[in-house]
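Peer 1:
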Amino acid sequence: MGDIRTQVMEIGFDNVTLGEAVDIAMQYIEQGKKCRVVTPNAEIAQLCKSDSSLCEIVNRSQLVLPDGIGVVYASRILGHPLKERVPGFEFAEALLDRLQNTGKSVFFFGAKPGVAEKAAENVKKRYPGLLIAGTLNGYYTNDQKVIQQINDALPDVLFVCLGAPKQEQFMALRGDALTPVLMAGLGGTLDVLAGEVNRAPELFIRLNLEWLYRLLCQPKRIGRVMRLPVYLLSAFAAKGRQKNA
Ligand code: UDP
40 MGDIRTQVME IGFDNVTLGE AVDIAMQYIE QGKKCRVVTP NAEIAQLCKS
90 DSSLCEIVNR SQLVLPDGIG VVYASRILGH PLKERVPGFE FAEALLDRLQ
140 NTGKSVFFFG AKPGVAEKAA ENVKKRYPGL LIAGTLNGYY TNDQKVIQQI
190 NDALPDVLFV CLGAPKQEQF MALRGDALTP VLMAGLGGTL DVLAGEVNRA
240 PELFIRLNLE WLYRLLCQPK RIGRVMRLPV YLLSAFAAKG RQKNA
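Be aware that the sequence shown starts at 40, since it is given in the working numbering, and climbs by one per residue.
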């Protein structure tokens, strides 16, 4: 819907603001056109360099949102800047808000047992006009049962919160069998909605240091976070190649 993709090395991102991203998502939902939303940050974009199947899944998604500041910096280095960072969590919140009183429902799939239920409870208080079709934790052994349970609840929208790249792979592999019109891979969103994990304080978000806050809270993410500088270096290298070409 719209020709707004900006290529940032291997990935074509939709060059949209948060508001525009939600408008596009709502158009898909209202028109009943299937839509897969992915929210790659620099870590995932870096992973795509060595995983061509993941790269294809991401690029074939109908909405590709630049979740991290690393992706926005890379777009600037390459000389075709993305408008802004569109964090998956903020997209999720804005979409839940817009879904209120539309008659469209959402299903929360993912996170540890009990988390999706708690997220649903909190969300119902925050968005009273929202219909929640059901919840299911992300620790399963049988894909078919998961598909059945989701489809039986008849949701219009599915949040898939299994972490990357598991959620992207699940959506690509099972997307045809799943009936929700729009599905979105949203990482740790349910943990935050449930109050299990805090989002970074406002100052960190404003200074584009959300990645640093997450690293301080979960030092074991260091391996993943190190993909960020590697990704930026590869953007400089790509820019150098562009100049020499
Ligand atoms: N998760 C899940 N099933 C799994 C592995 C992970 O539901 O098999 C959940 C995990 O409980 C957490 C989310 O996926 O709620 C991953 O969160 P994270 O913040 O690490 O997301 P990412 O940064 O990978 O997008």
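A virtual CB, placed ideally from N, CA and C, is assigned to each residue, including glycine.
What you are looking at is a predicted structure, and each value in this text was computed from that prediction instead of being measured.
#1: Can you look up Leu201 in the DSSP assignment and give me helix, strand or coil?
#2: Identify the continuous alpha helix (DSSP H) that holds Ala159 and give its terminal residues.
#3: Going by beta-carbon coordinates alone, are Val125 and Val97 separated by less than 7 Å?
#4: Check the DSSP bridge columns for Cys74 and list the partner residues they point to.
#5: Confirm, please, whether the CB-CB distance from Pro219 to Leu197 is below 7 Å.
#6: Considering only heavy atoms of the ligand UDP, does any lie closer than 6 Å to the CB of Gly226?
#7: On the three-pair Cβ rule with 8 Å, is the segment 130–150 touching the segment 224–238?
#8: Please go through the same chain and pick out, in chain order, the residues whose beta-carbon is closer than 6 Å to the beta-carbon of Phe239, but skip the five residues on each side of it.
#9: Going by C-alpha distance, which of Glu49, Asp106, Cys256 is nearest Lys88?
#10: Count the other CB atoms within 10 Å of the CB of Val269; is the residue buried (16 or more) or exposed (fewer)?
#11: Alpha carbon to alpha carbon, how far is Asp136 from Ala64? Give it in angstroms, no decimals.
#12: Where Lys157 and Thr141 are concerned, what is the direct C-alpha to C-alpha distance, given to the nearest angstrom?
#13: Ignore the nearest five residues each way along the sequence and tell me which others in Gln46's own chain have a CB closer than 7 Å to its CB.
#14: Out of Glu207, Ile116, Ala60, Thr174, state which residue places its alpha-carbon closest to the alpha-carbon of Asp90.
#15: Hey, would you say the C-beta of Lys259 is under 6 Å away from at least one heavy atom of the ligand UDP?
#16: How big is the Cα-Cα spacing for Ile189 and Leu221?
#17: Quick check: what's the CA-CA separation for Val145 versus Gly262?
#18: Taking three-plus beta-carbon pairs below 8 Å as touching, is the segment 158–175 in contact with the segment 107–116?
#19: For Gln46, list the residues DSSP reports as bridge partners.
Peer 2: Reading off the structure:
#1: coil
#2: 154–165
#3: no
#4: Leu221
#5: yes
#6: yes
#7: yes
#8: Per the sequence shown, the amino acid found at residue 239 is Ala instead of Phe. Closer than 6 Å at Cβ, skipping near neighbours: Glu249, Tyr252.
#9: Glu49
#10: exposed
#11: 13 Å
#12: 23 Å
#13: none
#14: Glu207
#15: no
#16: 13 Å
#17: 33 Å
#18: no
#19: Gly51
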